[in-house]
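Novice:
Numbering (the UniProt record's numbering), first residue to last: 1 to 134.
Given below as structure tokens:
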């Protein structure tokens, strides 16, 4: 299998939570390396189960969101090509983005006031045929 790069967004408040997230990620089978970038956890490995990784991080850290999954080799090739592309794009003409706005806010959705009958029969306790002894 090819190496894959998994990027997860994890809420990490302090250094203790950061080290805990790294320990959890490295403890899973198939993980080669793990790194932190602000609030993102970057995991590289062979055959890493991304669903299991996200589930374990959600359970133990309180929240994790899967941002992207891709091949680790593709990212290296794209990084090498991007500086040359950026230099040629700087000189290219770029149109200004169109600006649009509304003059009034959108209306809220209509409120449906339906009256439903009870799907069951309502019995009254003070009827004469009810027996309180049984």
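From the three backbone atoms N, C-alpha and C, an ideal C-beta is built for every residue, glycine too.
Note that the structure is predicted; figures quoted are calculated from it, not measured.
Compute the beta-carbon to beta-carbon distance between residue 7 and residue 42, rounded to the nearest angstrom, for a pair I have assumed lies under 8 Å.
Specialist: Rounded, the Cβ-Cβ distance is 5 Å, consistent with contact.
Novice: In terms of residues, what are the limits of the beta strand (DSSP E) holding residue 42?
Specialist: Run containing residue 42: 40–46, per the beta strand (DSSP E) assignment.
Novice: In angstroms, rounded to a whole number, what distance separates the CA positions of residue 23 and residue 2?
Specialist: In a straight line, the C-alpha of residue 23 is about 23 Å away from that of residue 2.
Novice: Please classify residue 64: does DSSP put it in a helix, a strand, or coil?
Specialist: Here residue 64 sits in strand by DSSP.
Novice: I'd like to know if residue 4 contacts chain D, where contact means its C-beta is closer than 9 Å to some C-beta of that chain.
Specialist: Annotation note: the requested chain D is absent from the structure, which comprises a single protein chain.
Novice: Who are the Cβ neighbours of residue 64 in its own chain at under 6 Å, not counting the five residues just before and after it?
Specialist: Contacts found: 8, 10, 54, 57 and 58.
Novice: In the DSSP assignment, what are the bridge partners of residue 4?
Specialist: In DSSP, residue 4 forms a bridge with 45 and 71.
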